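Input: a single structure, listed below in structure tokens.
Residue numbers (the numbering used here): 392 to 553.
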């Protein structure tokens, strides 16, 4: 599927988010560039990424409103109920850290953590008092993504000291 239509329908709702559409596009690109996504999971992963922060600027608003908005958009695009429910469950819980998440959840979650180390978002988090980057790295599920996060962190730290 071509995902620009999904992005276009989600965009008005993503404007309420702190980082908005640029954040969502960065998460999308990180997933494409850094994860092997099984063909049968592509639509679930990519629709979940596009919808993950829909609904508001707080986690509470995203959890409360996000699944409703995602459901509306996905039904409008003709997705079946099972698919819609899977996306909504990922959207509803994407800030949680379950012990045995689905592969689609892990790809979104790890991509959403990795984006924090991007040049665009790092300064926001790094300016928070007592922010612990090691805690973020430890939350990442895949070893490959944890290694990437450590490299990105070192790169950002080098940039701030130069």
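No residue lacks a Cβ here, since even glycine has one placed at the ideal position from N, Cα and C.
These figures come from a predicted structure and were not determined experimentally.
Query raised in the report: Pairing CB atoms from the segment 502-514 with CB atoms from the segment 422-432, are three or more of them under 8 Å?
Result: yes
**Report entry** Simplified DSSP assignment, three categories, for residue 531
**Finding:** What you label residue 531 is simply residue 140 of the chain shown in a count that begins at 1. Correct three-state label for residue 531: coil.
Requested in this report: Below 6 Å CB to CB, which residues in the same chain sit around residue 457 once its five sequence neighbours on both sides are set aside?
Outcome: As a working note, residue 457 is residue 66 in the chain shown. 445, 446, 482.
Query - Backbone secondary structure at residue 407 - three-state DSSP - result: Stepping through the chain shown from its first residue, residue 407 is reached at position 16. Coil, per DSSP.
Query raised in the report: By Cβ distance below 7 Å, which residues in the same chain neighbour residue 516 in space, the five residues on each side in sequence not counted?
Result: The residue labelled residue 516 in the question sits at position 125 within the chain shown. The residues are 507, 522.
**Report entry** Proximal residues to residue 496 (C-beta, below 6 Å), its chain only, five neighbours per side dropped
**Finding:** Here residue 496 refers to the residue found at position 105 when the chain shown is read from its first residue. The answer, listed in chain order, is 481.
Report task. Would you kindly report the start and end of the unbroken alpha helix (DSSP H) that includes residue 442? Result -> Start at 1 with the first residue of the chain shown, and residue 442 comes out as number 51. First-last of the alpha helix (DSSP H) with residue 442: 433-442.
Query raised in the report: Count the other CB atoms within 10 Å of the CB of residue 540; is the residue buried (16 or more) or exposed (fewer)?
Result: Residue numbering aside, residue 540 sits at position 149 when the chain shown is read from its first letter. Buried, because 16 or more other Cβ atoms sit within 10 Å of the Cβ of residue 540.
Query raised in the report: Is the CB-CB distance between residue 438 and residue 465 below 8 Å?
Result: Position 47 of the chain shown, counted from the start, is the residue given in the question as residue 438. Position 74 of the chain shown, counted from the start, is the residue given in the question as residue 465. Yes, the Cβ-Cβ distance between residue 438 and residue 465 is below 8 Å.
**Report entry** Between the CA atoms of residue 418 and residue 535 - distance to the nearest angstrom
**Finding:** One-based indexing of the chain shown puts residue 535 at position 144. One-based indexing of the chain shown puts residue 418 at position 27. In a straight line, the C-alpha of residue 535 is about 16 Å away from that of residue 418.
Query raised in the report: residue 551: which of 525, 530, 518, 498 sits nearest, CA to CA?
Result: Here the question's residue 551 lines up with position 160 in the chain shown. Selected option, being the one with the closest Cα: 518.
Query raised in the report: Where in the segment 504-530 do unbroken runs of the alpha helix (DSSP H), each at least 4 residues long, occur, reported from the N-terminal end onward?
Result: 513-517, 524-530
Query - Run of the alpha helix (DSSP H) containing residue 474, from where it starts to where it stops - result: Along the chain shown, one-based indexing puts residue 474 at 83. Element bounds for residue 474: 472-484.
**Report entry** Cβ separation of residue 443 and residue 530, assumed to be a contact under 8 Å, to the nearest whole Å
**Finding:** Counted from its first residue, the chain shown places residue 443 at position 52. Counted from its first residue, the chain shown places residue 530 at position 139. Not quite, the Cβ-Cβ distance comes to about 16 Å (not below 8 Å), so this is no contact.
Query - Expected contact under 8 Å - CB spacing of residue 532 and residue 501 to nearest Å - result: Residue 532 sits at position 141 when you count from the first residue of the chain shown. Residue 501 sits at position 110 when you count from the first residue of the chain shown. Sure, about 5 Å apart at Cβ, within 8 Å.
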